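Those letters in the sequence shown? Residues 1 to 217, per this note's numbering, in order.
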Amino acid sequence: MHTILKTIALLSTLLTVLPGISAAQDFDPETGYARIRALTSGLESMTAQFHQELLDADGQLIQEGRGTLSIQRPNRFRWQYSEPYQQLVLGDGERLWSYDADLEQAVVRGYDDLLAASPAMLLSGARDVAELYEVAALRDEQGLEWVVLAPRARETDFKFLGLGFAGEELRRMDLIDSLDQLTRIELSEVKRNPTIAKSVFEFKPPDGVDVIESTGP
1 MHTILKTIAL LSTLLTVLPG ISAAQDFDPE TGYARIRALT SGLESMTAQF HQELLDADGQ
61 LIQEGRGTLS IQRPNRFRWQ YSEPYQQLVL GDGERLWSYD ADLEQAVVRG YDDLLAASPA
121 MLLSGARDVA ELYEVAALRD EQGLEWVVLA PRARETDFKF LGLGFAGEEL RRMDLIDSLD
181 QLTRIELSEV KRNPTIAKSV FEFKPPDGVD VIESTGP
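Put into structure tokens, the structure is as follows:
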């Protein structure tokens, strides 16, 4: 379950993934903030397919997965993993649920400042990006325009979050955690402001599932 939670709260080893990026590099942070605000301005909902990879500090593949993403602002999101296991991470506006069907276990926690700084809440939340992140770098790399962010909260599980844009569309999210592991999430079939049923962001643990109340990240 902790791996699933870290997936929502990991998007950033980009200072090593994108060579030459430096916090001392001459750039205008407002350009990065404007790029992200353009993405979230007028955004009410979003759906996408995703392909996710977890790589260690040496770039070796540790884990791979696929699934679907749904977002409804404010504060509702659903990450549904279909491969290699059936797993779900869901924010219903008040609580965060992490459910593993194979383990028959669900972990639930309330929203807090650390969750507010997670990549999922960056897209679905109502707080301005400048409150939660500092722009660390801007760069064109791998055919995408990157905005690299560093969370202002020191307690988060990740050091950097990279957002890769193709034109106005978000195509990649890269996270680097405290172990310098990289979580790479590639988005496809992105749809902006589709109609999404309210039930998509509701979760009721199936009978027999062990529900664990969590107070930490």
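Backbone N, C-alpha and C fix where the C-beta goes; we use that ideal spot for every residue, glycine too. Everything numeric in this text was worked out from a predicted model, so none of it was measured.
Residue i, buried or exposed, once every other Cβ within 10 Å from all chains shown has been counted against 16
| i | result |
| --- | --- |
| residue 72 | buried |
| residue 154 | exposed |
For residue i, the nearest candidate out of the options (CA to CA)
| i | options | result |
| --- | --- | --- |
| residue 147 | 127, 125, 171, 124 | 171 |
| residue 206 | 193, 70, 48, 99 | 99 |
| residue 176 | 43, 58, 37, 40 | 58 |
| residue 42 | 169, 178, 134, 193 | 193 |
Cut-off 6 Å between Cβ atoms - residues of its own chain near residue i, not counting five sequence neighbours on either side
| i | result |
| --- | --- |
| residue 181 | 56 |
| residue 51 | 66, 186 |
| residue 90 | 78, 97, 203 |
| residue 38 | none |
| residue 188 | 49 |
| residue 184 | 53, 174 |
| residue 8 | Because residue 8 sits at a pLDDT of 36, beneath the cut-off of 50, its placement in the model cannot be relied upon, and the point is left open. |
Local conformation of residue i per DSSP, three classes
| i | result |
| --- | --- |
| residue 71 | strand |
| residue 151 | strand |
| residue 159 | strand |
| residue 198 | helix |
| residue 204 | coil |
Residues near residue i in its chain [Cβ-Cβ closer than 7 Å; skip 5 each side]
| i | result |
| --- | --- |
| residue 209 | 104, 105, 106 |
| residue 211 | 106, 108, 205 |
Counting pairs of beta carbons, one from the segment 61-78 and one from the segment 200-207, are three or more of them closer than 8 Å? yes
On the three-pair Cβ rule with 8 Å, is the segment 153-162 touching the segment 25-43? no
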